[in-house]
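So in this note's numbering, the last spot in the sequence shown is 482, and the numbers never skip. Below is one structure; the comments refer to it alone.
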Amino acid sequence: MGMRGMAVFLVVGVLGVYAWRNWFIACCGLVVMVGVLKHPSMPTNVAGVQGLNPWNLLLVNVFIAWIVNRGNERLRWDMPPMVMVAGGAFLAVIGIGFVRLMLDQSHLDEATGLSLVSEELINTFKWLMPGIILFDGCRTRRRLIGALVSVMVLYVLLAGQVVKRMPPQAATTGGPDIHRIRLKVCSQIGYSVPDMSTVLGGSFWALMAMAPLARRRRYQAMLAVAAPMAFYGQMLTGGRAGYVAFILTGLLMCLLRWRKGLLLVPILPVVVGLAFPAVADRATSGMIGVVDPTGAVSFDEYMMTSGRNLIWPHVVERIEENPLLGYGRLAMLRTGLRDDLMRLYGEAGAFPHPHNIYLEWIFDNGVLGLIPVAILFGWFVWHAAVLFRDRTNPWAATAGGMAFALIVTQLVAGLGSQHFYPKISTVGMWTVLMLMTRVWVERGRLRPAPAGVTP
28 MGMRGMAVFL
38 VVGVLGVYAW
48 RNWFIACCGL
58 VVMVGVLKHP
68 SMPTNVAGVQ
78 GLNPWNLLLV
88 NVFIAWIVNR
98 GNERLRWDMP
108 PMVMVAGGAF
118 LAVIGIGFVR
128 LMLDQSHLDE
138 ATGLSLVSEE
148 LINTFKWLMP
158 GIILFDGCRT
168 RRRLIGALVS
178 VMVLYVLLAG
188 QVVKRMPPQA
198 ATTGGPDIHR
208 IRLKVCSQIG
218 YSVPDMSTVL
228 GGSFWALMAM
238 APLARRRRYQ
248 AMLAVAAPMA
258 FYGQMLTGGR
268 AGYVAFILTG
278 LLMCLLRWRK
288 GLLLVPILPV
298 VVGLAFPAVA
308 DRATSGMIGV
318 VDPTGAVSFD
328 EYMMTSGRNL
338 IWPHVVERIE
348 ENPLLGYGRL
358 AMLRTGLRDD
368 LMRLYGEAGA
378 FPHPHNIYLE
388 WIFDNGVLGL
398 IPVAILFGWF
408 VWHAAVLFRD
418 RTNPWAATAG
428 GMAFALIVTQ
438 LVAGLGSQHF
448 YPKISTVGMW
458 TVLMLMTRVW
468 VERGRLRPAP
478 AGVTP
């Protein structure tokens, strides 16, 4: 183990001990550590035991400290009923899908029962825990700003790694070699290109939404560094779904609150195109129409979708065979569809999942399984938008704006990638959603709803 590995265990040890004095701060440390969790120098296990890594050890310690000490702090669980019901149903659907996976492991020859439990069950639920713990403990403005800053640091760490490792040519010249470098760099950080593009695209708008709280110069200086770093980092990734999500999320936030920002809409594409030519080429790849001799205009759908247009019709056909219930977790693999696609298209069809957040969920869990997801995410989007528009409370506006930015970016980018299943790439999003929910609860106490109306 190198010096960095020893330093990681030292930090984890200090936070683990401190968790018994202040589990909230230790949980904020958990969030920050996600930014470097997949770094090559980060220890992945202890004594060769799968899943026994520093982050997991700290999570277990913080979780126990929270359970033991929350009673001493007389904390009352006050998650909104709609979130409890829809969230519980969401987790139940994931659990049922996992059981179906374990009962039928067809076409999963390389997977073991232990690895499936670790990757598809434990790792799915664990990414939600920091946000849930912070929701319960975030009862003061000081704690709220601490939690939001921890998320900001998480995104700065990710953006910093991209900026440090990715050559500037990724945004200026592009080319096949640069694309391979993008894939390699993002993989080394522990993310795919679509995931990193989505994360940094949403984080830019989330950081911009923190502006109402940046009243002191040190906070303004932090944002002045963090936001441009996230923006530049996303430009370097080359993730087109993330680019589209970045643009649409920004437009929606301008329509909701930042109306003056709409004046920049005609200018920004020109500026970005001149400053980052490779970004413009990547974003518009396949979108330039070709006119045939008959005058008809055609577009390169394969290039536009990075080959996803080949697999989506087959996914839809397989879904139509069992639309209500789906096939359980990892349906793309377990139904043999990926193997069929590889026989049809070769490596071009080697997709382990549908690369569409909605098709993947319906394929796994059916239309019935989509209902709690729609309710839960709909609740988050609506309440985040309401808080973001609140001009009387900068705390509400910040929490709502950050949550709106991250979840909308995820939902839009999901047309070409992403997952509803909690992943390491969405830890920041889930954490902010829980913090936004806390702000909504506290705001409701300060501004009681009219008689007969429940929030």
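Here a beta-carbon is modelled for each residue, glycine too, at the ideal position from N, C-alpha and C.
Between the options, which has its C-alpha nearest residue i's C-alpha?
i: I451; options: E147, G40, G277; result: E147
i: V468; options: F303, G443, W422; result: W422
i: F125; options: T436, R192, Y354, V178; result: Y354
i: V144; options: L460, L442, R356, A430; result: R356
i: F152; options: G405, A46, T199, I121; result: I121
i: N49; options: M109, T71, T453, V89; result: V89
i: R284; options: R243, G266, A268, A236; result: A236
i: P534; options: E344, G158, G229; result: Because the chain is modelled from 28 through 482, residue 534 falls outside the range shown and cannot be assessed.
i: P13; options: P239, G114, V59, L57; result: Residue 13 lies beyond the stretch modelled for the chain, which goes from 28 to 482, so this question has no answer here.
i: L184; options: V61, L278, N72, F231; result: V61
i: G269; options: P239, R245, S230; result: S230
i: V110; options: A46, L403, L368, R416; result: L403
i: R169; options: H134, L397, R472, C55; result: C55
i: W93; options: L263, A46, M223, G441; result: A46
i: G164; options: F51, H410, D417; result: F51
i: R97; options: R207, R166, G140, L118; result: R166
i: M156; options: R472, L473, V459; result: V459
i: R243; options: P194, I172, M369, L128; result: I172
i: V44; options: V73, I91, P379, A377; result: I91
i: A569; options: P296, A116, D105; result: No answer is possible for residue 569: the residues shown for the chain start at 28 and end at 482.
i: M179; options: R472, L473, L433; result: L433
i: Y182; options: T332, R267, P255; result: P255
i: V298; options: Q188, L175, M262; result: M262
i: H410; options: V112, D367, P107; result: P107
i: E344; options: R418, S333, D367; result: D367
i: R416; options: R286, R101, Y218; result: R286
Check whether the Cβ atoms of residue i and residue j sit closer than 8 Å, and answer yes or no.
i: L352; j: L395; result: yes
i: T225; j: S444; result: yes
i: L414; j: L161; result: no
i: A241; j: L227; result: no
i: V220; j: R192; result: no
i: P381; j: V439; result: no
i: R361; j: D131; result: yes
i: R465; j: N420; result: no
i: V58; j: S177; result: yes
i: F390; j: A412; result: no
i: Y372; j: L337; result: yes
i: V454; j: V435; result: no
i: F447; j: W388; result: yes
i: A186; j: A257; result: yes
i: H134; j: G441; result: no
i: R309; j: G201; result: yes
i: A377; j: M369; result: yes
Kindly give me the distance between the Cβ atoms of residue i and residue j, rounded to whole angstroms, as I take these residues to be in contact under 8 Å.
i: L42; j: A53; result: 5 Å
i: F303; j: A198; result: 4 Å
i: R209; j: G265; result: 5 Å
i: M429; j: A233; result: 4 Å
i: G499; j: V190; result: Because the chain here runs from 28 to 482, residue 499 falls outside it and cannot be looked at.
i: N383; j: W339; result: 7 Å
i: C85; j: V39; result: The displayed chain sequence assigns Leu, not Cys, to residue 85. Indeed, because the Cβ distance is near 5 Å, the residues count as touching under 8 Å.
i: K65; j: I216; result: 6 Å
i: P70; j: N80; result: 6 Å
i: L289; j: C281; result: 5 Å
i: A426; j: P239; result: Not a contact, Cβ separation roughly 10 Å.
i: P379; j: R365; result: 6 Å
i: W457; j: W154; result: 7 Å
With hydrogens ignored, establish whether the beta-carbon of residue i is closer than 7 Å to any heavy atom of the ligand COA.
i: M237; result: This structure lacks the ligand COA; in fact it carries no ligand of any kind.
task: Write down every uninterrupted run of the alpha helix (DSSP H) in the segment 209-261 whose length is 4 residues or greater and which is fully enclosed by it, in chain order.
output: As far as the segment 209-261 is concerned, its whole alpha helix (DSSP H) runs of at least 4 residues are 220-235.
message: So within the segment 388-425, which uninterrupted alpha helix (DSSP H) runs reach at least 4 residues, ignoring any that extend past its ends?
response: Fully enclosed alpha helix (DSSP H) runs of 4 or longer: not present.
message: Which runs of the alpha helix (DSSP H) at least 4 residues long sit entirely within the segment 335-385? Give them in chain order.
response: Counting only runs of 4 or more, we get 335-347, 358-361, 364-372.
field: Segments of 4+ residues assigned as alpha helix (DSSP H) that fall wholly inside the segment 34-74
entry: Listed in chain order, they are 50-60.
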